[in-house]
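A.B. asks:
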Amino acid sequence: MSTIDSKIPEGPVAEKWTNYKAHQRLVNPANKRKLDIIVVGTGLAGASAASTLAEMGFNVYNFCIQDSPRRAHSIAAQGGINAAKNYQNDGDSVYRLFYDTVKGGDYRAREANVHRLAEVSNNIIDQCVAQGVPFAREYGGLLANRSFGGAQVSRTFYAKGQTGQQLLLGAYSSLNRQINAGKVKSFNRYEMHDVVIVDGRARGIIAKNLVTGKFERFSANAVVIATGGYGNTYFLSTNAMGCNCSAAIAAYRKGAYFANPSYVQIHPTCIPVHGDKQSKLTLMSESLRNDGRIWVPKNIEDAKKLQKGEIKGSDIPEENRDYYLERRYPAFGNLVPRDVASRAAKERCDKGFGVNNTGLAVFLDFSDAIKRLGIDVVRQRYGNLFDMYEEITDVNPGQLAREINGEKYYNPMMIFPAVHYTMGGIWVDYELQTSIPGLFAIGECNFSDHGANRLGASALMQGLADGYFVLPYTIQNYLADQAIWPKIPTDNEEFAKVEKHCVEEQTRLMNIKGKRSVDSIHKELGHIMWEYVGMGRTAEGLKTALEKLKELRKEFETNLFIPGSQEGLNIELDKAIHLRDFIIMGELIATDALHRNESCGGHFRVEYQTEEGEAKRDDENFFYVGCWKYEGDDNTAPSLIKEPLEYEAIKVQTRNYKN
Amino acid sequence: MKVTLKVWRQANAKAKGEFVTYKDVETTPDTSFLETLDILNESLVERGEEPITFDHDCREGICGMCSLYINGHPHGPATKATTCQLYMRRFKDGETITVEPWRSAGFPVIKDLMVDRSAYDKIQQAGGYVSFNCGGAPDANALPISKEKADLAMDAATCIGCGACAAACKNGSAMLFVSAKISQFALLPQGRPEAARRARAMVAKMDELGFGNCTNTRACEAECPKGISITNIARMNREFLKAKFKD
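Chains R and S are the protein sequences, given in the same order. Take 1 as the starting number for the first sequence in the numbering used here and just add one per residue. Take 660 as the starting number for the second sequence in the numbering used here and just add one per residue.
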């Protein structure tokens, strides 16, 4: 069995990062000018890494599949970004953010990485403010904060419901400055198809110019992938339509380990599915849980009437409402972590208390907040989300619906959990380097910081931490001796071989000439994943999923139809490449979920729960990172390598959000 | 419900395009406009034809990737919403809907409804940033900024760079887009030190790329999916004039 070295530095957890920086190897300014770095992706992690590496003096080649770096899906993050500033004087600290994140992740994250994340969180806020990011402020001119799930302090910084947009545009502005300075070369509408390995090290990529349809070769001293998560494996998710896992799977096929794929975050507050023509799901920010209360009817008769459309939520008086999160988790109430809130919604709906025609929805109600704060304040906080909700559903949650005995009831929102984020990803060591030397993975693309469940407002924090403050240091430790190695020309035989393979793959898919469209097969994949590898997994169901996925892969390989040609722009061909990799990803998720005989965070196995229905971990047998190694072809099952977790600062215990 | 879609088809940048009419596309009022295009595309693929190429990504109205002139309006008939946030309940059963790409000299067609908006990136690269390197920032609360100023800067920063403003303008002016970024930084103390240089550089790049002038028709403001105000253009002009006086 292969061994795994996470390269965690020596010393107490609070001193590891400081010690690392003090002793790591650096690259001198003259050598930085000689070194080229490829950064694939322009989201928070990719854009911040590309700009910072260029500021330091490296030559950066930056790629994105959209028409502009500004459109990466980080832009859609709504709620906020965490930092341990303690500006609210409510007892926050680096340790507390570290602790909350490890606990929120159900004790499956790497302690040393999480502590580093908490340490640099404060630098991120400073950096973004200096860039001109217009965070929300108080009348006194200082920064405002709000609360997010899994925390008892207010440490979330925000810019209306568009925090991701503002942070990404900040990183994009820094990137633009470097493009203007000639230090970053930006390739838009380009997609990485494969990574080129020479003498065991990542030395370049093959990317497709999506407009011309031609493959191009790029050589560098290191390759960084920052291409996001794999949520779209489920077809319906809150991810953008273009989000895909093909770069990550390309790395996996080349030997990079894939860690904890079963840790998929299902976000509790999304707009419910309405029909089979739906293309994606829309998130309603977690910030709504600051003031919104989640409920279903107490009486099953009321639920049945709601499902038949005979009554509305606002017809049900206060005493007949079950605020089930407040009931089950008094200490955290509506602000329990996402995995807990999602499962609780599923539990109520499974018991028949769902509130819409499909029985798969719960209410999120603002009546109390409007009574307490007035409609103006509530609209100021959430107006754009209310409008977005109204545009999609034709119902405005801020509108007075009726009065019962002098009590005012407003239209509640209907929400249901949906796939949102993936904690698993390419395995990286403490330096964010994958198991392939010279290949790094940052942001959602890697697995490192969130364990089995990510807390709200921590994705933006991790993406920017990796890009601004971690990778620019750790990559130097790798690059320190690279300046003396000759550059690898792109007419090298390895580049030629990999490019040929990329072309052949496309030809193979074009020549299937079957009967089914990419989307029809992708929808089927989504159904299998949601049904058997969703919120409640069983060994039996996962085995069924693996069988069905095998059949689906056969269907894809033999019955796919792609119109048009390989020349020029062909959107169906590009989607087919993504689907090829989503199917492999689906198999990875199911394989990992089947092997992990415990429930933790986003991975819930029905067989492993407490009497109260809470996740039951098995620390004796599963206190490790599950890393999957590709065994040469898609038909051979991957092999498992374990990275044991070692906790020294935090006592591993059962997660408790009740008291 | 059924609608007829009259869609601009163009094989590539150099090809001559034409409208193609697709009759009786089945959809529902709860389906989004782009999902209706998905439905049409799925039926095209089933018939062995190439689907309609259009830009789209987040489908939440924030990435700025979707575009489209729908019945003569950028982003269609809804106000303050992008094409991806447009739902079919805005249209009548049996209606014929005309769908075109952005029509602006600054945004050449790549294929069908997809256009090249790289000019907008180039304008940002000319000066849409605060010049400092990562790592040297002071504590975030060391610089108090009044809530009014911060909110105004946020309103300007809300721009999603979709291109509707230039596409809506009879002069093909990109001033709303450019002024939004210049305003955001001009309003904030972080942006003041290079305000003059930024205004000069971004306006010069906009002119160089062939975008037209502003004649105050306010079409950009009316069609902007994010409600960016033309007061930003006035602020940009002030910044530009101040920069000129300094010359």
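Ideal Cβ placement from N, Cα and C applies to all residues, glycine included.
Check whether the Cβ of Asn482 (chain R) lies closer than 8 Å to any Cβ atom in chain S.
C.D. replies: Position check: residue 482 (chain R) holds Gln in this sequence, whereas Asn was assumed. Chain S, which has no Cβ nearer than 8 Å to the Cβ of Gln482 (chain R), makes this no.
A.B. asks: Apart from the five residues just before and just after Ile179 (chain R), which ones in its own chain have a Cβ nearer than 7 Å to its Cβ?
C.D. replies: Ser186
A.B. asks: How long is the line joining the alpha carbons of Val184 (chain R) and Val60 (chain R), rounded to whole angstroms?
C.D. replies: 5 Å
A.B. asks: Please list the residues of the region 784–801 of chain S that have a C-beta atom closer than 7 Å to any C-beta atom in chain R, keeping them in chain order.
C.D. replies: Gln784, Ala785, Gly787, Tyr788, Val789, Ser790, Phe791, Asn792, Cys793, Ala796, Pro797, Asp798, Ala799, Asn800
A.B. asks: Would a check of beta-carbon distances place Ser314 (chain R) closer than 8 Å to chain S?
C.D. replies: Using a Cβ-Cβ cut-off of 8 Å, Ser314 (chain R) does not count as an interface residue toward chain S, since no Cβ of chain S sits closer than that to its own.
A.B. asks: Closer than 9 Å, Cβ to any Cβ of chain R: which residues of the region 731–742 of chain S, in chain order?
C.D. replies: Ala737, Lys739, Ala740
A.B. asks: Near Lys16 (chain R), what residues of its chain come up, given a Cβ to Cβ distance below 6 Å and the 5 sequence neighbours on each side ignored?
C.D. replies: Close CB contacts of Lys16 (chain R) within its chain, under the 6 Å cut and outside five residues either way in sequence, are with Pro9, Ala112 (chain order).
A.B. asks: Quick check for students: name the residue ranges of the beta strand (DSSP E) that lie wholly in the region 344–422 of chain R, counting only runs of 3 or more.
C.D. replies: 362–365, 400–404, 407–410, 413–422
A.B. asks: Can you pull the chain S residues whose beta carbon is under 8 Å from the beta carbon of Leu44 (chain R), in chain order?
C.D. replies: Neighbours of Leu44 (chain R) on chain S: none; closest Cβ ~13 Å, over 8 Å.
A.B. asks: Buried or exposed: Glu954 (chain S), going by 16 or more other Cβ atoms within 10 Å of its Cβ?
C.D. replies: The requested residue 954 (chain S) is not part of the displayed model; chain S covers only 660 to 906.
A.B. asks: Using the Cα positions of Val662 (chain S) and Arg749 (chain S), report the straight-line distance between them to the nearest angstrom.
C.D. replies: 12 Å
A.B. asks: Please list the terminal residues of the continuous alpha helix (DSSP H) segment that includes Arg859 (chain S).
C.D. replies: 854–867
A.B. asks: Which residues in chain S sit within 8 Å of Val39 (chain R), going by Cβ to Cβ distance?
C.D. replies: By Cβ distance, chain S contributes nothing, its closest Cβ being about 14 Å from Val39 (chain R), past 8 Å.
A.B. asks: Which whole-angstrom value is the C-beta distance of Gly723 (chain S) and Ile804 (chain S), which I expect to be below 8 Å?
C.D. replies: Gly723 (chain S) to Ile804 (chain S), Cβ: 26 Å. No contact.
A.B. asks: Could you confirm whether any beta carbon from chain S is found closer than 8 Å to the beta carbon of Ser68 (chain R)?
C.D. replies: Chain S contact via Cβ: present.
A.B. asks: Determine whether the Cβ of Met1 (chain R) lies closer than 8 Å to any Cβ atom of chain S.
C.D. replies: With a pLDDT of 46 at Met1 (chain R), under the threshold of 50, the modelled position of that residue is not reliable, and no figure is offered here.
A.B. asks: Would a C-beta distance cut-off of 8 Å place Ser763 (chain S) and Cys821 (chain S) closer than the cut-off?
C.D. replies: no
A.B. asks: Does chain R have any CB closer than 8 Å to the CB of Val684 (chain S)?
C.D. replies: no
A.B. asks: Could you tell me if Gly11 (chain R) is buried or exposed, where buried requires 16 or more neighbouring beta carbons within 10 angstroms of its beta carbon?
C.D. replies: exposed
A.B. asks: Helix or strand or just coil, what does DSSP make of Ile841 (chain S)?
C.D. replies: helix
A.B. asks: Cβ atoms of Leu569 (chain R) and Gly213 (chain R): under 8 Å apart, would you say?
C.D. replies: yes
A.B. asks: What does His274 (chain R) reach in chain A if we use C-beta pairs closer than 7 Å?
C.D. replies: The chain labelled as chain A is not found among the protein chains of the depicted structure, namely R and S.
A.B. asks: Should Ile311 (chain R) go down as buried or exposed, given a rule of 16 or more other Cβ atoms within 10 Å for buried?
C.D. replies: Label assigned to Ile311 (chain R): exposed.
A.B. asks: Kindly confirm or deny that the region 698–706 of chain S and the region 843–851 of chain S touch, where touching means at least three C-beta pairs closer than 8 Å.
C.D. replies: no
A.B. asks: Using only alpha-carbon positions, find the residue among R:Met510, R:Gly425, R:Asp633 that is nearest to Asp574 (chain R).
C.D. replies: R:Met510
A.B. asks: Around the C-beta of Glu55 (chain R), are 16 or more other C-beta atoms found within 10 angstroms, so that it is buried, or is it exposed?
C.D. replies: buried
A.B. asks: Is the CB of Thr282 (chain R) under 8 Å away from at least one CB in chain S?
C.D. replies: It does; some Cβ of chain S falls within 8 Å.
A.B. asks: Quick check on Tyr478 (chain R): does DSSP put it in helix, strand or coil?
C.D. replies: helix
A.B. asks: Do Leu455 (chain R) and Gly46 (chain R) have their C-beta atoms closer together than 8 Å?
C.D. replies: no
A.B. asks: What three-state label does DSSP hand Val27 (chain R) in the structure shown?
C.D. replies: coil
A.B. asks: On the DSSP letters alone, give me the boundaries of the alpha helix (DSSP H) that Glu526 (chain R) sits inside.
C.D. replies: Reading off the sequence shown, one finds Gly at residue 526 (chain R), where the question assumed Glu. Counting along the chain, the alpha helix (DSSP H) containing Gly526 (chain R) begins and ends at 518–532.
A.B. asks: Which residues in the same chain as Met1 (chain R) place their Cβ atom closer than 7 Å to its Cβ, once the five residues preceding and following it in sequence are excluded?
C.D. replies: Legend: pLDDT at Met1 (chain R) = 46, less than 50; position of this residue unreliable, no value from coordinates given.
A.B. asks: Check whether the region 275–284 of chain R touches the region 647–656 of chain R, taking contact to mean three or more Cβ pairs, one atom from each stretch, closer than 8 Å.
C.D. replies: Taking 8 Å as the limit for Cβ pairs, the verdict is that the region 647–656 of chain R does not touch the region 275–284 of chain R.
A.B. asks: Can you tell which of R:Cys245, R:Ala118, R:Ala109 has the C-alpha that lies nearest to the C-alpha of Asn82 (chain R)?
C.D. replies: R:Ala118
A.B. asks: Leaving aside the five residues before and after Tyr99 (chain R) along the sequence, list all residues of the same chain whose C-beta is less than 8 Å from its C-beta, in chain order.
C.D. replies: Ile650
A.B. asks: Would you decide whether Gly80 (chain R) is buried or exposed? Buried here means 16 or more other CB atoms lie within 10 Å of its CB.
C.D. replies: Buried is the call here.
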